[in-house]
Structure formats: C-alpha cells, structure tokens
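For the sequence shown, our numbering gives the first residue as 87, with consecutive numbering after it.
Positions of the beta carbon are idealized from the N, C-alpha and C atoms, including for glycine.
Since the model is a prediction, treat every value here as computed from it, not as a measurement.
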Amino acid sequence: MGAGRGPKYNASGLPDPTAYLALRPIIKKDRELEKRANRLIRALKIMIELAGFELVERIIIRDKETRRVFK
87 MGAGRGPKYN ASGLPDPTAY LALRPIIKKD RELEKRANRL IRALKIMIEL
137 AGFELVERII IRDKETRRVF K
C-alpha cells in the first residue's frame, strides 16, 4: 500500500488503480469482518452490564474462518 496514503496508491505514492481494483474485494471483506467483531464485542459488553457484572479483563475473540484475533 502506498506510503500512508491508502490503498489507491503504490509505495512511491503514485496512483495505482489496477492494484486497488484487485485489492478492493479483500479490503471490503476485511472491513466487514472488523465491523462484525466490533458489534459483537459491543453486544457482549452491554450484556455483561445488563446482567449486573463488570468487565474486568479485555475481551479477545478469534474469527473461526480467518483465525484473525480481535481485542
């Protein structure tokens, strides 16, 4: 990816639309996975609070398909 400018640019900072078009489905899938994990963690925190408990440690989950860990 491009020097902090996002996925539309190459490492030199120049626009690279071909690479972006190839990576777009992967980027979209990754964002959707991130959203799902964040929603789940939020829901767990709400359930813990509603049940009268306090979260003491960080919640850590792993996606079964990608094996990616979310904290």
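Report task. Could you tell me which residues DSSP puts in a beta bridge with Phe156? Result -> What you label residue 156 is simply residue 70 of the sequence shown in a count that begins at 1. For Phe156, which the question treats as bridged, DSSP gives the partners Ile147.
**Report entry** Stretch-stretch touch, CB-based, cutoff 8 Å, three pairs: the segment 146-155 with the segment 122-133
**Finding:** yes
**Report entry** Continuous alpha helix (DSSP H) stretch holding Glu135: start and end
**Finding:** Start at 1 with the first residue of the sequence shown, and residue 135 comes out as number 49. Glu135 -> alpha helix (DSSP H) spans 103-136.
**Report entry** Span separating the alpha-carbon of Ile146 from that of Gly138
**Finding:** Position 60 of the sequence shown, counted from the first residue, corresponds to residue 146. Position 52 of the sequence shown, counted from the first residue, corresponds to residue 138. Approximately 21 Å between the Cα atoms of the pair.
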